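A.B. asks:
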Amino acid sequence: MKKTLIAIVTISLLAACGTEPTDATTTTTDPPGAATLLDTSWIGSRIEWQGSDFPIVPNSPPTIEFTADGAGGTTGCNSWFGSVTLGDESISIGQMGQTEMACEQPLMDQERVVTQILMAADLWTLDGGTLTIGDSQGTGLIEYVAPIDAPAVPLIGTTWVLSEVMTLDAVSTPLIGVDPTLVFDGDEITGSSGCNTYSARAIIQDGRVEISNLTYTERACADDGAMEQETMFFRVLEAAETYQLDGPRLLIQAPTEGLGFQAS
């Protein structure tokens, strides 16, 4: 049976950054061996494609998880979901749905390979903590390992370095050599836009953030790209509504844009 991939337009930043859609179809997991995968999640550690290792984009591995409702995960760029039928060593992922966010080319290449492997997959093995999913023709496989809980990083006092710039339909990395930063200190934030230093008042409570009274120095940026990034950086801070802290990663979200940071 020919499998199909359904694209779903992403309409929220959190969905664009990996939140899984909820309308997966049902799954059957009757064989005893298949029960070992139920309610587990995995992070890709190695991809083999057409006989060669395929490099995983740093900090953007593919993921997969199995629930009573089906399977889902991310390609490193977009989220996917679908039905799954598991045998003791067999697997069939049915019709797949997927968010439709544009990412940089290495992530799009990884997504293409991951999607093709999963849609063709008919075998799985679990050996020494490594889950391998691939096809019996040897076209490709993905090796997954169980996630390790990231140590908690405090929001206050940590220097956060910009790692992602997000819009409704795209995620990009900041300019090389231009490293905007953000530090929360009580009811104030300080940092650098990569061109200028800044400070502002910040109110944080229960996942919500309100930033006001933003002031900054007025040094000219090195080039137009850095200036455009600075403009967007300040715009998102002033419009920020929510924040999400996940281990060493911080997401600041405005209605239509967002900023992702990594702890320094």
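Residue 265, in this note's numbering, is where the sequence shown stops; the numbers in between run on with no holes. Backbone N, C-alpha and C fix where the C-beta goes; we use that ideal spot for every residue, glycine too. These figures come from a predicted structure and were not determined experimentally.
(1) Leaving out five residues on either side along the sequence, give the residues of the same chain with a beta carbon under 6 Å from the beta carbon of residue 241.
(2) Measuring alpha carbon to alpha carbon, tell me which of 160, 113 and 231 ends up nearest residue 184.
(3) Look up residue 51 in the DSSP assignment and say whether it is helix, strand or coil.
(4) CB-CB under 7 Å to residue 31, same chain, minus the five flanking residues each way: which ones, in chain order?
(5) In whole angstroms, give me the CA-to-CA distance for residue 147 and residue 111.
(6) CA-CA distance, residue 109 and residue 243?
(7) Let me confirm a value: residue 79 is counted as buried when at least 16 other C-beta atoms fall within 10 Å, else exposed. Which label applies?
(8) Since I believe residue 95 is in contact with residue 85 (beta carbons under 8 Å), could you give me their beta-carbon distance rounded to a whole number of angstroms?
(9) Among all the DSSP beta bridges, which residues are the ones paired with residue 37?
(10) Which residues in the same chain have their Cβ closer than 8 Å to the Cβ of residue 72, if we skip the five residues on either side of it in sequence?
(11) Can you tell me which of the three DSSP states residue 97 falls into?
(12) Could you pull out every unbroken beta strand (DSSP E) segment of at least 3 residues lying fully inside the region 148 to 215, listed in chain order?
(13) What would DSSP say about residue 122, mapped onto helix, strand or coil?
(14) Give me the Cβ distance between residue 193 and residue 175, rounded to the nearest whole Å; I'm assuming they're in contact under 8 Å.
(15) Inspect the beta-carbon positions of residue 153 and residue 135 and report whether they are closer than 9 Å.
(16) Return the residue from the list 155, 232 and 237 that minimises the CA-CA distance to residue 264.
(17) Compute the Euclidean distance between the alpha carbons of residue 41 and residue 68, then round it to the nearest angstrom.
(18) Give me the residue from 206, 225, 232 and 200 with the minimum Cα distance to residue 214.
(19) Taking just the CA atoms, how far does residue 239 sit from residue 87?
(20) Spatial neighbours of residue 218 within its chain, please: CB distance less than 7 Å, with the 5 preceding and 5 following residues excluded, ordered by chain position.
(21) From the DSSP output, in three-state form, read off residue 232 for me.
C.D. replies: Walking through what the data contain:
(1) As a first step, residue 241 is located in the sequence shown; it is residue number 240 there, counting from the start. Closer than 6 Å at the Cβ level, and outside the excluded window around residue 241, lie 210, 212, 253 and 255.
(2) As a working mapping, residue 184 is identified with position 183 in the sequence shown. For the residues 160, 113 and 231, the minimum Cα distance to residue 184 belongs to 160.
(3) Within the sequence shown, residue 51 is the residue found at index 50, counting from 1. Coil.
(4) Taking the first residue of the sequence shown as 1, we reach residue 31 at position 30. Bear in mind that a pLDDT of 44 at residue 31, under 50, signals an unreliable position, so the number given afterwards is only what the model happens to contain. None.
(5) Here the question's residue 147 lines up with position 146 in the sequence shown. Here the question's residue 111 lines up with position 110 in the sequence shown. The alpha-carbon atoms of residue 147 and residue 111 are separated by roughly 20 Å.
(6) Stepping through the sequence shown from its first residue, residue 109 is reached at position 108. Stepping through the sequence shown from its first residue, residue 243 is reached at position 242. Whole-angstrom Cα-Cα distance: 28 Å.
(7) Taking the first residue of the sequence shown as 1, we reach residue 79 at position 78. Label assigned to residue 79: buried.
(8) The residue given as residue 85 occupies position 84 in the sequence shown. The residue given as residue 95 occupies position 94 in the sequence shown. Residue 85 to residue 95, Cβ: 7 Å. Contact.
(9) Counting from 1 along the sequence shown, the entry for residue 37 is found at position 36. Its beta-bridge partners do not exist; DSSP assigns none.
(10) Along the sequence shown, read from residue 1 onward, the residue named residue 72 stands at position 71. Cβ within range, chain order: 25, 28, 65, 66, 82, 83, 84, 85 and 94.
(11) Walking along the sequence shown from the start, residue 97 turns up at place 96. Looking at residue 97 - three-state DSSP - the assignment turns out to be strand.
(12) 160 to 168, 182 to 186, 189 to 193 and 198 to 206
(13) In the sequence shown, residue 122 corresponds to position 121, counting from 1. Coil, per DSSP.
(14) As a first step, residue 193 is located in the sequence shown; it is residue number 192 there, counting from the start. As a first step, residue 175 is located in the sequence shown; it is residue number 174 there, counting from the start. Residue 193 to residue 175, Cβ: 12 Å. No contact.
(15) If you number the sequence shown from 1, residue 153 lands on position 152. If you number the sequence shown from 1, residue 135 lands on position 134. No, Cβ-Cβ distance for residue 153 and residue 135 is not below 9 Å.
(16) By one-based count along the sequence shown, residue 264 stands at place 263. Nearest of 155, 232 and 237 to residue 264, Cα basis: 155.
(17) Here residue 41 refers to the residue found at position 40 when the sequence shown is read from its first residue. Here residue 68 refers to the residue found at position 67 when the sequence shown is read from its first residue. Answer to the nearest angstrom: the Cα atoms are 7 Å apart.
(18) Reading the sequence shown from its first residue, position 213 is the one you call residue 214. The candidate whose alpha carbon is nearest that of residue 214 is 200.
(19) Residue numbering aside, residue 87 sits at position 86 when the sequence shown is read from its first letter. Residue numbering aside, residue 239 sits at position 238 when the sequence shown is read from its first letter. Rounded to the nearest angstrom, the two C-alpha atoms are 48 Å apart.
(20) For this step, residue 218 is matched to residue 217 along the sequence shown. Cβ neighbours of residue 218 beyond the five flanking positions: 197 and 198.
(21) Looking up residue 232 in the sequence shown gives position 231. If DSSP states are grouped into helix, strand and coil, residue 232 belongs with the helices.
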